[in-house]
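Just so you know, the working numbering puts 341 at position 59 of the sequence shown, and the rest follows in order with no gaps.
The C-beta atom is built at its ideal place from N, Cα and C for all residues, glycine as well.
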Amino acid sequence: MSRKPGNGRQSTGGMTPAGIASRFDLAVQEHQKGRLDKARRLYRKILKASPRHADALHMLGLLEHQSGNQAAAIELFNEAIQAGATGAELFTNLGSALQAAGRLEEAVNCYRRAIALNPAFTLAYNNLGNALRAAGDRDAATAAFRRALEIAPDVALLHFNLG
């Protein structure tokens, strides 16, 4: 994720760009430590000050996905895309939320978009394989798992998923 220090000018909400960046770093740390309520509050404060902060939208979406709130996650991931985010991780996370919500065709499209952005992103191939298998397309799922194994032959999960 790209986080650029601010120039000291005030943004909405009275926070400087540097303050937003600092708060974002803290939110990510809290998120990584599993302090989801605190991380959620910090992401929301950032978004109050900077509603189109793509990284905060993405990370709050990830937090909601991890919390089982797929509808909110999908909405936040889409807002991050509208705010200009384009990373393979974002599309993989959106795909995961869509898949968890039972929207397999949309999930497959997201994983394919992630792969187009980063053809070496093993997780996107793995998730694509799982979604294709869930949709009943075993041949395409096998091809996705095999491609993932070409990239990362030592990942046991990929061998397990391939069967």
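The segment 365-372 and the segment 388-408 touch, with three or more beta-carbon pairs separated by less than 8 Å. Rounded to the nearest whole angstrom, the CA to CA distance from K320 to F442 is 36 Å.
Here the alpha carbons of A402 and A417 stand approximately 24 Å from one another. In this structure A353 is exposed. Its beta-carbon is surrounded by fewer than 16 other beta-carbon atoms within 10 angstroms.
Here the alpha carbon of A300 sits roughly 41 Å from the alpha carbon of L440.
Note on S349: under 16 other CB atoms within 10 angstroms of its CB, so exposed under the neighbour-count rule. Rounded to the nearest angstrom, the Cβ distance from L444 to R428 is 7 Å, consistent with a contact under 8 Å. In the three-state DSSP reduction, G411 falls in the helix class (H, G or I). Annotated three-state conformation of N400 is coil, per DSSP.
Only buried fits R305, as 16 or more other CB atoms lie within 10 angstroms of its CB.
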